[in-house]
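What follows is a short report on a single structure.
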Amino acid sequence: MRGPRDIRRAGDVTTSPQVRRAPGHGGVGASSPRRLPALALLLLVVASCASPRTDPAFQPHENLLSILADLQRFAARDLYRLDAPLDPSGMNLYRATLVRLANYERLHPDRSKDILAFARGQAHERLGNHGAAAEEYNACMKMGTLLAAEAAESAAINRRFEKLMAPARQAQNLDAYFSALEQQERGFLALADEYSTDSQRAVYGPLARRQAERAAVLRAEALWKHRDLVPDGTSKALEAWRRILSENADSARVERWRLRLGDCLYEQAREYALEIDPESGDFDPEVFERLTAAALLHYRAVERAYGFAERLEARGKIDALNAFINRVQAQAR
201 MRGPRDIRRA
211 GDVTTSPQVR
221 RAPGHGGVGA
231 SSPRRLPALA
241 LLLLVVASCA
251 SPRTDPAFQP
261 HENLLSILAD
271 LQRFAARDLY
281 RLDAPLDPSG
291 MNLYRATLVR
301 LANYERLHPD
311 RSKDILAFAR
321 GQAHERLGNH
331 GAAAEEYNAC
341 MKMGTLLAAE
351 AAESAAINRR
361 FEKLMAPARQ
371 AQNLDAYFSA
381 LEQQERGFLA
391 LADEYSTDSQ
401 RAVYGPLARR
411 QAERAAVLRA
421 EALWKHRDLV
431 PDGTSKALEA
441 WRRILSENAD
451 SARVERWRLR
461 LGDCLYEQAR
471 EYALEIDPES
481 GDFDPEVFER
491 LTAAALLHYR
501 AVERAYGFAE
511 RLEARGKIDA
521 LNAFINRVQA
531 QAR
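One rule links them: number in the numbering used here = place in the sequence shown (from 1) + 200.
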């Protein structure tokens, strides 16, 4: 999954990051080969149960078909390069699917239990809830229906995901946490490579890549939060964020991470102005300008990233940072 891509080093004040447009948010999106048999089978099972419209039993199946149709429509969506699809109300489609499935089950508690469990598993895994997904698939498998074999395979894959995520959650100290996150990132990158070459499981490639990205983000954020406890913590944290930007240039969330790097640099400039009074002779305007210029570089890059929701947020941060710069420079005169 680490194919050639435009590598940019964030934070380099001498080189402005390239402006990029958001990946398409509405379509299914380019991704690895589709893995539709499970959903297709699931829909066929439901459809086979439906009776003509004159039969009162038809309506529940028609409602379930409409719920499952949305899952099938976005079955091959690359959730690393593309944002999660939204339902007509603007809600994350997979969260909305879980709500709709729960409502359906309350109305018809004895209908299509295997299909409901399988669909919940698919929604959970696309939300990144791999433990819950494994449980739902396992429940479906135990029912011994047509979906059992597919459910068993999906449960095993989600258990692999969950096993990689467990050590970081159980870490007892910072060193163990950082080590677990590094192993988690490497493990998910290996899974992403494995599934990207498997046409039957290719949908899991982007899910693994997204989890690798998530592990790197958690590590960078922890480094920044605890930078005073880590030797050379500030430099390590900033470098971690720069690496995230360069290695995840194709991610739907890359501008979010660029904003975060800008925030760290902005915070560093604020700390400098607090620790060294701008009105004192020890204040170095060049150091202050270097820090604020790096933050502005990233904010402005995000502001020019058409199609990303972070644009408006970046605009507000630019205004706030410019006001801060003007105040400090006035004090330093």
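By construction, the Cβ of each residue, glycine as well, lies at the ideal position given by its N, Cα and C atoms.
Keep in mind it's a predicted model, so treat the numbers as computed, not measured.
Annotation: the continuous alpha helix (DSSP H) that includes Asn526 extends over Glu510 to Ala532. Arg456: member of the alpha helix (DSSP H) spanning Val454 to Glu475, first to last residue. In this structure, the alpha-carbon of Trp457 lies about 14 angstroms from that of Leu497. Residue pairing for Asn292: DSSP places it in a beta bridge opposite Leu286. The C-alpha of Ala440 is placed about 19 angstroms away from the C-alpha of Ala501. Selection Glu489, Phe488, Asn329 and Tyr337 evaluated against Ala366 yields Asn329 as nearest (Cα-Cα). Collapsing the DSSP output to three states places Leu346 in coil. Pro285 sits buried, since 16 or more C-beta atoms from the chains shown fall within 10 Å of its C-beta. In this structure, the straight-line span from the alpha carbon of Lys436 to that of Ile444 is close to 12 angstroms.
Assigned with DSSP and collapsed to three states, Ala355 falls in helix. For Ala319, the enclosing alpha helix (DSSP H) covers residues Lys313 to Leu327. Contact between Thr297 and Ala319 holds: their C-beta atoms lie close to 7 angstroms from each other, under 8 angstroms.
Taken through DSSP and simplified to helix, strand or coil, Arg273 comes out as helix. Under the three-pair Cβ rule at 8 angstroms, the region 427–436 does not count as touching the region 383–393. Residue range Gly433 to Glu447 is occupied by the alpha helix (DSSP H) that includes Thr434.
DSSP places Phe483 outside both helix and strand once states are collapsed to three, so it counts as coil. In the assembly as shown, Asn522 is an exposed residue. Its beta-carbon has fewer than 16 other beta-carbons within 10 Å.
DSSP places Ala412 in the uninterrupted alpha helix (DSSP H) bounded by Tyr404 to Lys425.
Straight through space, the alpha carbons of Glu325 and Ala333 are spaced by roughly 5 angstroms.
In this structure, DSSP gives Asp278 a state outside helix and strand, which the three-state scheme calls coil. With a cutoff of 8 angstroms on beta-carbon distance, Glu513 and Leu459 are scored as near each other.
In the same chain as Leu364, and ignoring 5 residues on each side of it, the C-beta atoms closer than 7 angstroms to its own belong to Gln384, Gly387 and Phe388, in chain order. Under the three-state reduction of DSSP output, Leu298 falls in the helix class. DSSP, read as helix, strand or coil, puts Tyr506 in coil. Boundaries of the alpha helix (DSSP H) harbouring Arg386: Leu374 to Ser396, taken from the DSSP string. A straight line joining the alpha-carbon of Pro485 with that of Glu421 spans about 28 angstroms. Note on geometry: alpha-carbon atoms of Ala352 and Gly331 lie some 14 angstroms from one another.
In this structure, Arg281 sits near Ala452, with a CB-CB distance shorter than 8 angstroms.
Of the residues assessed, Gln322 falls on the buried side of the cut-off, its CB having 16 or more other CB atoms within 10 angstroms. Sequence-distant Cβ neighbours of Asp375 in its own chain, meaning closer than 7 angstroms and more than five residues away, do not exist here. Between Glu455 and Glu413, the beta carbon gap of about 13 angstroms keeps them out of contact (Cβ cut-off 8 angstroms). The three-state secondary structure of Ser451, taken from DSSP, is coil.
By the neighbour-count definition (other C-beta atoms within 10 Å, threshold 16), Lys425 is an exposed residue. Taking 8 angstroms as the cut-off, the Cβ atoms of Gly433 and Leu418 do not count as close.
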